[in-house]
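Below is one structure, written out as structure tokens; comments come after it.
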């Protein structure tokens, strides 16, 4: 209830459980007692003024009394307008007026706005802000035709205090003005509806609304609904609180991790201090070996000097040996040149003796054939003589004669066979000699053919390389050279070489003058195919590659020497001729390593190239050779020294020739010529093979014939021995045959003498030939021996030259090493000085980090590793955790949010528990108050009825929300209670007034307004009702009562507390302008 919970009477109920019977209610009614008067009259209406409100242009000001006011006027005079204006101006809704559906309907037709001004009293202890408003509060209401309602709250003197609806609400709450409560303002329509209402539920709702119990009930329902919503939200926020707690714990973990990050930062700072001084200590330690190395290097400089001097002496010795070998070679070469003409002469003599020998052998052979024919004739003639002698002496001495004949025949055969054996022996000797000569010639031709064959093979290879070099010039230096360079390039990409080897050197040079190709090629020789390496490790790798690419055959040589970035300075030691260029000047070399290698190995800066051989001999052998020049080459490849010269065996340039097609054509022509020569030699060898085979065949046949003749001699000798043992028969003289035989014998003798003479001459010629051949062979053998000595000396010379080059190479190597060593010493000194400066700088930096020197046992590397690991860990954790300030802010936000939410949840739970407890108490008090007010209402209702002699009863069914009112008029039996529906109109109106007055008695408000309350009463009931109203109003003299009625109130007594306000009658057909106050 509000502040004004005071009434003339009060009732204090006793609590006897949750349910009460009718006896309990009667007992409560009996306990009702009157209460003292209230002295405050704040909140009553002092006056009201209407302008353009409803159908009235202007009405008022109407000044009300402080107690009882009767507003009297006919219908249309403005009674309802005053009541409606009172409701609307004090914040009531349109429905409470029962006069319209919208505020704009209250604006007079034809006007844009309506104004209502109400003055409320603001005195006493319940006054509202008297220091601002003073003794009265003026409320000005303005209604627009759009239905907009605006307020101006003014003080007594007219000063605007506020224009807010909330201020008006505060004023109404302070004064407990309830214009929507029918007990404060009961308009005509509501009174009529209540009077005609026959429903028990409507009466109960009227009772509840009048006593504000309905508002309390609605508040309780709203509170319960709000509580249920709050509980649902609390249940929902429980999950949200769990999420907040989880997030808070996560932020808390990250916040706690910050302490570990701080520890890591502290440890990192300590490690950085140690790192600063560890670097200083390590640099100091590193400087000690450098100082020792510098001292050792300075001491080892003498060793390099000794090595350089040692190899310098070796170079001199090797050059001396080379000079000796060169002199020997020149002497032996001169001997060979001197022996060569005699050898040619002896060869010619041997060939002449051989021709004579062959002619004599033919003569001998012819004599042998002639003797053989004569012997055959002799044998035939002797056989005829023997046969004739046998036939003559057959009878007388046939046996003896036969024996003699047989002996003679056998002797002749033996003689013939011996001669045949001698002839065959000579033939075998001739055949053997002819075969030997043929084999010797065949061997010489075979040797020439092999030399030619090797030359052809070399030319074929050169031709193949030349043809292959059309697409790739590397093939000039070997078939495997492209694969070799590819393998070197691949190994270099893999990092197997410290420095990429260079080669073949001939591939890396170019000629300025193509005519000098043969001279340069003869000069450089094997260097054209040579590779060069910077160090021995690279040399091992290169040898491995060569073994892989070229598993068999001759491999290119390798020269090892340090690669230098600049070309050797040869200006002081190089030849500088005005007319002729040196080899170095003729070549175009882009790679400095190749240039330095050729300078070191061949001395190309000291070799002149002179195209004409005669001119070259004149320049070099004139006794005054060009300075710094020790040899020269002609364009034909001839090598000319200051005291000798050598012709070149090579006629064409293979590797450096510029015109590949011309070289190919030349090789093809030369190869064709060699093939023709080879064919001629092959034909000669085939002819000699045939001769050899024929002689061997004849020799074999002669051997067979000699064996047969020997066998026959043996056989005849046995026969002759057998016949000599028998008796010899007599011989007869056959003169004629014997003469012929004698003649043949003489011829044989003559021919034999010729044969012997020819044989002796042949023997002599053979001896002369053998002697000439022997002298030729001996001379040739001497030349060959000398030539072998030349080869040996050349080999020794080559080795000597190689030794000179090797010694020069080593000398240069140690020169370079010494230079590098001295350079290293300078660099080491500079490095040491720089390191010392860096050390001082690091000491300064270390002192900036930590001024005191720290003795650190750990290495800088381990400290750096740990620092990196710690930084990475810090970085990772910071990345995971985020920014430090952000982590702290998030942690504090999460903590505050969690605590606030948890506190809110706790407060809400406490509020819900308190609300449950308070609601239970309030509901209990509400039930007690409802019973208490019901009992008071019954009491006052019966008290009002008794004034006319009525009796009645009120039955409240709070469970079903019904109110049953029964009235017993004075004429009935005492036990008969009649329902109000059975009463007459006047009785029912009277009962209704009694009911309203009983509700007035149990409710409070600063003023009460009642419109046409007596319109349906008869005179008796009106009189009684009016008296009752006046009595109640008089008792409640601090309350204001405003009664609106169209009836005349002439019967009212005259009193100071009663004010009668009569409104002018309405002017029909015209608008009422000003209605005067009565």
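In my numbering, the protein residues as written are 21 to 1098.
Just so it is clear, CB atoms sit at the ideal spot from N, CA and C, and this is done for glycine as well.
Query                                                                                                                                                                 : Result
Count the other CB atoms within 10 Å of the CB of residue 1075; is the residue buried (16 or more) or exposed (fewer)?                                                : exposed
Taking the Cβ atom as the reference point for each residue, do residue 930 and residue 243 lie within a distance shorter than 8 Å?                                    : no
Could I get the ranges of all uninterrupted beta strand (DSSP E) runs contained in the stretch 69-138, with 3 residues as the minimum, in chain order?                : 76-83 and 88-92
Please name the residue, chosen from 179, 172, 697 and 177, that lies closest to residue 186 on a Cα-to-Cα basis.                                                     : 172
Would residue 877 be called buried (16 or more neighbouring beta carbons within 10 Å of its own) or exposed?                                                          : exposed
Quick check: the Cα distance between residue 360 and residue 808, rounded to an integer number of angstroms?                                                          : 15 Å
Among the candidates 982, 824, 803 and 819, whose CA atom is the shortest distance from the CA of residue 352?                                                        : 803
As a quick exercise: from 593, 963, 348 and 306, pick the residue whose alpha carbon is nearest that of residue 973.                                                  : 963
Residue 608 and residue 532: beta carbons closer than 8 Å?                                                                                                            : yes
Count the other CB atoms, across all protein chains shown, that sit within 10 Å of the CB of residue 87; report buried if there are 16 or more and exposed otherwise. : buried
Could you give the distance in angstroms between the alpha-carbon of residue 206 and the alpha-carbon of residue 156?                                                 : 25 Å
Figure out for me which residue from 934, 143 and 298 has the closest Cα to the Cα of residue 251.                                                                    : 934
In three-state terms, what does DSSP make of residue 1081?                                                                                                            : strand
Ignoring anything shorter than 3 residues, give me the beta strand (DSSP E) runs that lie fully in the stretch 817-903, in order along the chain.                     : none
Would residue 119 and residue 100 be called neighbours here (beta carbons separated by less than 8 Å)?                                                                : yes
Taking a contact to mean a Cβ-Cβ separation below 8 Å, would you say residue 887 touches residue 288 in this structure?                                               : yes
Suppose the cutoff is 8 Å on Cβ atoms and the five residues either side in sequence are ignored; what does the same chain contact list for residue 925 look like?     : 254, 257, 258 and 261
When DSSP labels each residue in this structure, what does residue 64 get in the three-state scheme?                                                                  : coil
Which term fits residue 1039, buried or exposed, when burial requires 16 or more other beta carbons within 10 angstroms of its beta carbon?                           : exposed
Going by the beta-carbon positions, is the gap between residue 866 and residue 302 smaller than 8 Å?                                                                  : no
Let me confirm a value: residue 796 is counted as buried when at least 16 other C-beta atoms fall within 10 Å, else exposed. Which label applies?                     : buried
Residue 272 by DSSP, collapsed to three states: which one?                                                                                                            : helix
Of all the options 501, 102, 558 and 728, which has the alpha carbon lying nearest to the alpha carbon of residue 69?                                                 : 102
Would you say the stretch 108-115 touches the stretch 146-161, given that touching needs at least three Cβ pairs under 8 Å?                                           : yes
By the three-class DSSP mapping on this structure, what secondary structure does residue 972 have?                                                                    : strand
Taking 8 Å as the threshold (C-beta atoms), are residue 633 and residue 599 in contact?                                                                               : no
Quick one: is residue 379 buried, meaning 16 or more other Cβ sit within 10 Å of its Cβ, or exposed?                                                                  : exposed
Can you give the Cα-Cα distance for residue 573 and residue 567, rounded to whole angstroms?                                                                          : 10 Å
Given that a residue counts as buried once 16 or more other Cβ atoms are within 10 Å of its Cβ, and exposed if not, what is residue 319?                              : exposed
What three-state label does DSSP hand residue 572 in the structure shown?                                                                                             : coil
Is the distance from the Cβ of residue 142 to the Cβ of residue 71 below 8 Å?                                                                                         : no
If you draw a straight line from the C-alpha of residue 970 to the C-alpha of residue 167, how long is it?                                                            : 49 Å
Is there contact between the stretch 765-785 and the stretch 390-400, where contact requires at least three CB pairs shorter than 8 Å?                                : yes
Smallest Cα separation from residue 783: which of 381, 344 and 366?                                                                                                   : 381
Determine the contact status of residue 502 and residue 495, defining contact as a CB-CB distance below 8 Å.                                                          : yes
Taking the alpha carbon of residue 756 as the point to measure from, which residue in 292, 401, 231 and 66 has its own alpha carbon closest?                          : 401
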